[in-house]
Each structure stands twice: as C-alpha cells, then as structure tokens.
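This report concerns only the one structure given below.
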Amino acid sequence: MIRKDLRQFMQSVILIFSLLISFCTTTIARDIDEDNNGIIKGKVVTSDGKPAADVAVILQGTSHVTSTDGSGSFTFRNIQPGSYQIVVSLTGYNDVVKDILVESAKTVNVSFQLDVSSKQLNEIVVTGNQNKLVKRSSQYVSKLPLQNMENPQVYSTITKDLIAQQMIYSVDDAMRNAPGITKLWDATGRSGDGGSYFSSRGFTVQSQLRNGVAGNVTSTTDASNIESIEVIKGPSATLFGSTLTSYGGLINRITKKPYDHLGGEISYTGGSYSYNRFSADINTPLDSAKTLLFRLNTAYTDQGSFTDNGFSKALAFSPSISYKATERLSFQFDAEFYFIKGAGSPFFFLPFSGNIKDILGTDRADELKLDYTRSYFNKDLTQVSRNMNFFASMNYKISDQWTSQTVMSNTNSFSDGAGVYFYLMAGDSLARRDQSTNNGTISILEVQQNFIGDFKLGNMRNRFVGGLDLFYLNSDQNFNDAGFDMIPSYGTIPNYEAFNRRNLDAVYASGAYSSYPYEYKRYTYSAYISDVLNITDNLLVQAALRIDNFDNKGNYSPTTGKYSGGYTQTAFSPKFGIVYQLLKDKLSLFGNYQNGFTNKDGYNYDNERLKPEQANQMEGGVKMDLFEGRLSSTLSYYNIKVKDIVRAYTGANPNPITANNQLQDGTQVSSGFEAQVIANPFQGFSVVAGFAYNDSKLEKSNTDQGRRPSTANSPIAANLWLSYRLSQGALKGLTFGAGGNYASDNKIANSDFAGVFILPAFTVLNASISYDTPKFRIGAKLDNLTNKKYWVGWSSMIPQSLRSFAGSVAFKF
16 MIRKDLRQFM QSVILIFSLL ISFCTTTIAR DIDEDNNGII KGKVVTSDGK
66 PAADVAVILQ GTSHVTSTDG SGSFTFRNIQ PGSYQIVVSL TGYNDVVKDI
116 LVESAKTVNV SFQLDVSSKQ LNEIVVTGNQ NKLVKRSSQY VSKLPLQNME
166 NPQVYSTITK DLIAQQMIYS VDDAMRNAPG ITKLWDATGR SGDGGSYFSS
216 RGFTVQSQLR NGVAGNVTST TDASNIESIE VIKGPSATLF GSTLTSYGGL
266 INRITKKPYD HLGGEISYTG GSYSYNRFSA DINTPLDSAK TLLFRLNTAY
316 TDQGSFTDNG FSKALAFSPS ISYKATERLS FQFDAEFYFI KGAGSPFFFL
366 PFSGNIKDIL GTDRADELKL DYTRSYFNKD LTQVSRNMNF FASMNYKISD
416 QWTSQTVMSN TNSFSDGAGV YFYLMAGDSL ARRDQSTNNG TISILEVQQN
466 FIGDFKLGNM RNRFVGGLDL FYLNSDQNFN DAGFDMIPSY GTIPNYEAFN
516 RRNLDAVYAS GAYSSYPYEY KRYTYSAYIS DVLNITDNLL VQAALRIDNF
566 DNKGNYSPTT GKYSGGYTQT AFSPKFGIVY QLLKDKLSLF GNYQNGFTNK
616 DGYNYDNERL KPEQANQMEG GVKMDLFEGR LSSTLSYYNI KVKDIVRAYT
666 GANPNPITAN NQLQDGTQVS SGFEAQVIAN PFQGFSVVAG FAYNDSKLEK
716 SNTDQGRRPS TANSPIAANL WLSYRLSQGA LKGLTFGAGG NYASDNKIAN
766 SDFAGVFILP AFTVLNASIS YDTPKFRIGA KLDNLTNKKY WVGWSSMIPQ
816 SLRSFAGSVA FKF
C-alpha cells in the first residue's frame, strides 16, 4: 500500500513539475515576443524612510497584483503601452494612487511614501497576516453585522486561507478544524439527506445553510466556492428556525462573491487512489463602470477509494453575479450545480435483535473480522445524485440607519440508484442489503425579508433585525428495500462479486422487496426580532424572540390521491445574551440563554395534542483577542436540557379509549466545555487548536436512563494545526503545516437491551507543504500519516480513508 501510494505521489509530483516547466517555458517565450511592452519598477517606503515590505500593489484595470519585497521594491513586466494608475493598498489606511505612462520597450520608475512609520507598518502587516486565520466579525451569526467580542453566541469560523493551507477540497474535511465537531456519517447522496452528519454538543448537525438560508447539498459538499464556514454552537432556532438546525447548532457555508477586477486561478491536483481534480476560479467585471460583476467557481473530481470498488465522479459548478443598481440598491444572484455518480463507502449496521456482544463475540469494531479495504459489493451498484440550487438577494439602504434585505433560496436535490448497506451477523458473516432511491426528489423554497437597523435610543446604541421567513419543503421520494444474501465477512468469499446490478435488478423484478414512499409537503411561517443594546460601551445585552407556525400537510397516498395526517403547531423561541468587555475589543465575559425546538405530531396518553419538544441552553465563558491580535480564543461551559421528549407509556392501565399510549415528559441533559485557540506567537507561525468535552445522558426515559445516546459521538475531541510561513527571502511564501485530530471511544450502541458497542478512539495526523507566489502556487499534502484504521458511525460503523498523498499546482491571473 505504501509503495503504491508513493508511486502515485511521485507521478503526481512529476506531472505537477512538468506543468510548471511548461508554464515557465511558455512565459519565457511570451516575454521574448513582447519586447515592445514596458516595465514598471517601483519602491515603497514608510514615513521615516524605511523600506515598506509586504504591501499590496495593484495595477488598476489589469490583472497585475503583487506585493513589495523586503527592500520595499516591486516590478510589473510585459505591460502594454498606455496610461495606468498604480494603487498601493494598506489595511486600515487610504489607498495611495499615482498615474503613470508606460511607453514601448521602456522602464518606468515610480516611488511611494506611506503615512505610517516602519513600526506601525510592522504591526499592520502582522495583524493582516493574522486575519487570514481569524475572522473577527460576522453578518450571519446574528443576522446583522456584529463583532465576535460583542456576540454572546459561541461560533467558530474556518477561513478559506486555512482551507487552502491544508489543501482541503470538501466541507467534510474542513470540519476537522472546528472544536467539538466530529463526523457521524458520510454523505449518502440520497435526495432526502442534507449531506454528511456531524455531532455537536451531543446532537446531530448537518451543513444545510448557505449564507444564512437553506442550501442543502445531499452529497459531500465541494469547497471550490467556499469563502469560510461558520459553525454556530448550541440551540439556534430563534434566528434560524428548527428545520435546518439542531440542538447542537448549525453549519453555515459562506460563499465567494464577485469583486471589481479581473482575476482568478486554475489548478490541478493529483494523488492516491487515482485522485484527479481540476478547478477554476474566474472573476471579471462585465461592464466598464464595474457595477455588474461575475465570478465562476467550478471543479471536476474523479477519484477512486481505499476500498476495492469505491469511486466517485463529481462536477461542481457555481456561478455568481452581483449588480450595483444605485448607491443604495444592489442585487446578488447565485447558482450551485452538483452532479455526482459513484459507489460510496460501506455502511455496517449493528444487530439489535439482542445483546450485540453475545451475537458478534465482541463489543469493539477493531476486533471484528472484517477486511478494512473491501467494499463487499460490485462497483456497478452506483447512485446518481444531482443538486440544482438557486439564490437571489436584494439589499436596499433605506437610510444611514436602516437596510432592507430580501433573500430567496430554491434548492432541488435528486437521487437515483443503489444504497448498499450491511448487517453484521453472528458467525462472522454479513447480510447484504440495498435501499435504493427511485428518481427521488426534494425541493425547498425559502423566502426571507429582514430589516436591519443601527440606531440610538438616547445614548444607547441598538443593532436590530426584524424579519419574516417562509419555508416550504416538498418531498417526492420512494425507497425500495431488499435483502440480497449472506456472506462471510473475511477471507475467501465465493459470491463476493455476485452483489451487482444485474443480480440486484433480478431481486427487484421478482417482487421480493419493500417500498417506502415519502411524499409530503410542509410549510413553516415565521417572524422574529432581535436587538443588541449597548447599555454602555462595554456592556451589551441581546434579546430575541421567534414565533414559528408549522403546517404539515401530511403524507400523500397514490391510492386516494389525497394528503392525510396533517397537523399545525405553533412554537415560540426566545434568546437572551449578555457581554461585558473587561477590556474593550480584547477581553469579554459572556453568557447566553438559547432555545431550540422540534415539532411533534400525535397525542399523549390523555388524548391531548403533543406540543413541540424544547431544548434550552445556558452557557457562559470568556472571549479573548489579546497581544495585538496574536491570541484569539473562546472558552465556554454549556448546559443543554431537552424536555417534552415523547416516550412510551408502560403503566399497568393503558388508555382504553385511544391507542395513544405515550407520554411527553422525557428529558435529556447535555453539558460540556469547549475551547478554541488561534495564535500567532511570532511572525509566520500560526496555531489553530480546539478541545471539547461533552457529557450527554438520558435523564428520564423508559429504557437506557442515565446512558449516553448513540448520536452523541465521542465525549472528548481535540484538533490541532501548526503552520509556519516564510515571509522574507528567496523562499518567501513557503509554508509548512502539520496537525491532527483526536476522538475518544464512541459508543455507537449503548442500551439496556443491546448493550455497548465501541468504535475505538483514534488520532489521525496530517501534513502539508506549499510554495505560494503572486503568479502560482504548488503544494503537497499527506493525510492520515500513520495509516490509521478508524471508523465513524451512529448505530453503524463506516471505515475512513487510509493514508493518502496529493500534489497540486495552481496558476493565478
């Protein structure tokens, strides 16, 4: 395996450097042909006459962008004759602009002097470098612009710079940088799902929001159009509703937006398991006034798997257009298209017909007799998944204090094909089964209107958002479930390849299967308000409330041609927070009360309509942004109590009138501690670290009382990434990075009846190296350095990828 991986890695490296040599050769040839073009040379100094290094220099109206070297110098070559403006840009200061005239075959010399001293510049550059891994504000977390130090909500932001540094190409892999987030399930690609499942604070969560509204992608989400990812912690129904969030929080993808000049990059990545990926990021203005802007992010990925028959072919295509109609009115139009065909990961489900250890002979995944690299099915058992998502927003600045924001989201998912899975059985055997989707579709429409204000009442500043939200979901799915055969789980398996398309079709043709239609419609109508009030400059309080009307139209029956079983339910969701800044913008103490809910259908033992299940969180902690931004951290303790859980009535006197023998008095408690640290101890060196401990248990239930739910995943999780970037010299832009993730034992079964089954603790290490210049970037990475075998799961176990190499080259323009 190692030799094969190394061979593939070397092939990728050779290809990368061949492309690089080709690029350089082409560039040299182009330079020879362009002798009639001019050259611009310049120097930037500080107010005290010292060289200004690492300052951005832009040749306006072209794709030429560079930064000054250690001597403050910069050069633009092969510039066509004509008049230009050179812009020297420095974070936090006005741009310095000079007009120049480039003549044929001549060199133009230009100089700039900044209004900052060398000491001030060093602080600006250091802070600018830090900002690449730290995002200090968000307009989405509280649905209005708010600094993290002012926000009582706990959240983590994974930036595009960290994603690029680690050579990550999916949202799934990016999530390893979020404290306390551990994977439960790989994405199934089925139209009813919202992609991969993760665990946060003891509850399941998925990446179902995009720029704050519905943005479902049912497969593994490509990262080609990701600007950043916000992982918002704890129950968050007050501002985001309950449909796409959980009691553990939510995952919000922030996408790349168009900008006002030509630019972009084209890249290729190759690696282990026949991994090939081509991607492009192209941005351009569409008019001379630069009011109409276009950006396209796209990627095609063709990859095999560490298992013998796994593979995936995926295309992601994400165009974006922005239009500034007036100084007050602007529009944004986006689309996301995902097309995927593949044979995915094997899912092994536990037997729940009795005590698992008695049936399997062990209570640990690493003691099972399974071949880690076998799929146990033929690669022609494929599934096709599609997502076609459309987004539009309009922002109108009513006044200096008020803005109107209108947002529309329409997501459409489709899947057709096999959904292979297995049951672990006694005697070291597997029951092979399939749960196919048959041209299944789900569409979601969300329309949201927000009014955002920033105003004063007396001397107190108010940041306010009030909004209305319409959410509509239409499901037209049909699942077909069939058993296939029983085989040995290891060694020689005579019928191994028999689980194929032709033989499975024969099973369905015989009628030996069950069909499960999921055809339903649901509407949710919501209104919410939130206000962040500055009582003083250092003391802030937040209060918010949502009213949510859920209208389930019921399930559709082809027999009657009607929907039945519908119901409506109204829920209220409050949120409160307080922040006291001990040191303004540097050190904050915070506390919050947050709510989430889940709509419940049916009646209780007394024949009363069930009410929404509720989750309430109390949390307190500290946020830091110290040492001139070199240390950013959030530390918090939370306690989430879930009430009104429906459980079966097991008393001696069942209700003689109705069959509603259930109670709504169950409870669950999930509490824990989380820490995130992002530090820059010295220039070029960065640390991203996280730690989480969670104690989740059922308090009041019929069975399993006091036990940890199987959805809670590992109680202890940690993440670490260390990187060092050379900022001066001939190798400026060379970056080394290494880190990993740890998760403790995960009890994927934990019940009185079935006993306990454990996915063992694991530590997975990764490393990368890259060389980044204004014109190109090359890099290589090694994931799962130690070739660790480990599993994720939730009443099931899914093997994760073994060691893999990848090399990448990108050309910028």
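The sequence shown lines up with residues 16 to 828 when you count with the numbering used here. Where is the CB? At the ideal position from N, CA and C, for every residue including glycine.
Checklist entry - Measuring CB to CB, does K599 end up less than 8 Å from D552? => result Yes, the Cβ-Cβ distance between K599 and D552 is below 8 Å.
Next on the checklist: Counting C-beta neighbours from all protein chains within 10 Å, is the total for K577 16 or more, i.e. buried, or is it exposed?
Outcome noted: If you draw a 10 Å sphere on the C-beta of K577, you find fewer than 16 other C-beta atoms in it, and that means exposed.
Item to check | Q420 and I467 closer than 8 Å at C-beta | outcome: Taking 8 Å as the Cβ cut-off, Q420 and I467 qualify as a contacting pair.
Next on the checklist: So, under 8 Å CB-CB, G636 and L650 are touching, yes? Tell me the CB distance rounded to an integer number of Å.
Outcome noted: Right, the Cβ-Cβ distance comes to about 5 Å (below 8 Å), so this counts as a contact.
Item to check | Helix, strand or coil at L555 [DSSP, three-state] | outcome: Three-state result, L555: strand.
Item to check | Cβ separation of G87 and A67, assumed to be a contact under 8 Å, to the nearest whole Å | outcome: Contact flag correct, Cβ pair sits at about 5 Å.
Checklist entry - How about G256 and F218: are their beta carbons less than 8 Å apart? => result Their beta carbons are not under 8 Å apart, which means G256 does not touch F218 by this criterion.
Item to check | Span separating the alpha-carbon of Y595 from that of I247 | outcome: When rounded, the separation of the alpha-carbon atoms in Y595 and I247 is 21 Å.
Checklist entry - Are there 16 or more other CB atoms within 10 angstroms of the CB of I550, so buried, or fewer, so exposed? => result That one is exposed.
Item to check | Neighbour-count burial assignment, I36, 16 or more Cβ in a 10 Å radius | outcome: Summary for I36: the model assigns pLDDT 42, below 50, so the residue's position carries little reliability; its value from the coordinates is reported in the next sentence. Of the other Cβ atoms in all chains shown, fewer than 16 fall within 10 Å of the Cβ of I36; this residue is therefore exposed.
Item to check | G738 vs T726 beta-carbon contact at 8 Å | outcome: Inspection of the sequence shows that residue 738 is occupied by Ser rather than by Gly. No, the pair does not count as a contact, with Cβ atoms beyond the cut-off.
Next on the checklist: Counting only beta-carbon separations shorter than 8 Å, does L129 have a partner in chain C?
Outcome noted: Protein chains in the displayed structure number just one, and chain C is not present.
Next on the checklist: Suppose contacts are defined by Cβ-Cβ distances below 8 Å. Is S327 in contact with E351 by that definition?
Outcome noted: No.
Item to check | Burial state of A795 (16 or more Cβ within 10 Å) | outcome: Using a 10 angstroms sphere on the CB of A795, the tally of other CB atoms reaches 16 or more, which defines it as buried.
Checklist entry - By a C-beta neighbour count over all protein chains shown, 10 Å radius and 16 as the cutoff for buried, is R292 buried or exposed? => result Here R292 is buried. Its C-beta has 16 or more other C-beta atoms within 10 Å.
Checklist entry - What are the residues that DSSP puts in a beta bridge with I768? => result Correcting the residue type first, residue 768 is Phe in the shown sequence and not Ile. According to DSSP, F768 bridges with nothing at all.
Checklist entry - From which residue to which residue does the alpha helix (DSSP H) around N622 run? => result Counting along the chain, N622 falls outside any alpha helix (DSSP H), and DSSP gives it neither H nor E.
Checklist entry - Distance, Cα to Cα, A252 vs R561? => result CA-to-CA, the gap between A252 and R561 works out to about 8 Å.
Item to check | Of the listed residues I178, V72 and L148, nearest to A1 (C-alpha basis) | outcome: Residue 1 lies beyond the residue range present for the chain, which begins at 16 and ends at 828; the question has no answer from this structure.
Next on the checklist: Suppose you measure from the CA of I115 to the CA of N93; what does that come to, to the nearest Å?
Outcome noted: C-alpha of I115 to C-alpha of N93: approximately 15 Å in a straight line.
Checklist entry - CB-CB under 6 Å to F367, same chain, minus the five flanking residues each way: which ones, in chain order? => result Hits under 6 Å: A769.
Item to check | Whole-Å CB distance - I8 paired with R268, under 8 Å assumed | outcome: The chain is shown only over 16 to 828; residue 8 falls outside these bounds and no answer can be derived.
Checklist entry - With DSSP run on the structure shown, which of helix, strand or coil describes E643? => result E643 falls in the coil class under three-state DSSP.
Item to check | Span separating the alpha-carbon of F826 from that of Y283 | outcome: Between F826 and Y283, the C-alpha separation is close to 9 Å.
Checklist entry - If we ignore side chains and look at the alpha-carbon of each, how far apart do L34 and R792 end up? => result Here the model assigns L34 a pLDDT of 43, short of 50, so the residue's position is not dependable and the matter cannot be decided.
Item to check | Nearest-angstrom Cβ-Cβ length linking S132 and T203, presumed shorter than 8 Å | outcome: That pair is no contact at about 58 Å.
Next on the checklist: Pull the bridge partners of K471 from the DSSP assignment, please.
Outcome noted: Note: K471 sits in a beta bridge opposite R476.
Next on the checklist: Let me check understanding here. Comparing Cα to Cα, which of A764, F700 and L746 lies closest to D719?
Outcome noted: Closest by alpha carbon: A764.
Checklist entry - Does DSSP classify S837 as helix, strand or coil? => result In the structure as shown, the chain begins at 16 and stops at 828. Residue 837 is therefore absent and cannot be evaluated.
Item to check | Helix, strand or coil at I196 [DSSP, three-state] | outcome: DSSP places I196 in the coil class of the three-state scheme, outside both helix and strand.
Next on the checklist: Cutting at 7 Å between CB atoms, please list the residues of its own chain near Y582, excluding the five before and the five after it.
Outcome noted: Hits under 7 Å: N567 and D616.
Item to check | Nearest-angstrom Cβ-Cβ length linking S759 and I731, presumed shorter than 8 Å | outcome: Sure, about 4 Å apart at Cβ, within 8 Å.
Next on the checklist: Please tell me whether D449 and F499 are closer than 8 Å, where the distance is taken between their beta carbons.
Outcome noted: For D449 and F499, yes; Cβs fall inside 8 Å.
Checklist entry - Can at least three beta-carbon pairs, one atom from the stretch 328–347 and one from the stretch 381–398, be found at a separation below 8 Å? => result No: the two stretches stay apart, fewer than three of their Cβ pairs being nearer than 8 Å.
Item to check | Proximal residues to K147 (C-beta, below 6 Å), its chain only, five neighbours per side dropped | outcome: Result list for K147: D176, in chain order.
Next on the checklist: Counting beta carbon pairs with one atom in the stretch 604–622 and one in the stretch 186–204, are three or more of them shorter than 8 Å?
Outcome noted: The stretch 604–622 and the stretch 186–204 do not touch, with fewer than three beta-carbon pairs separated by less than 8 Å.
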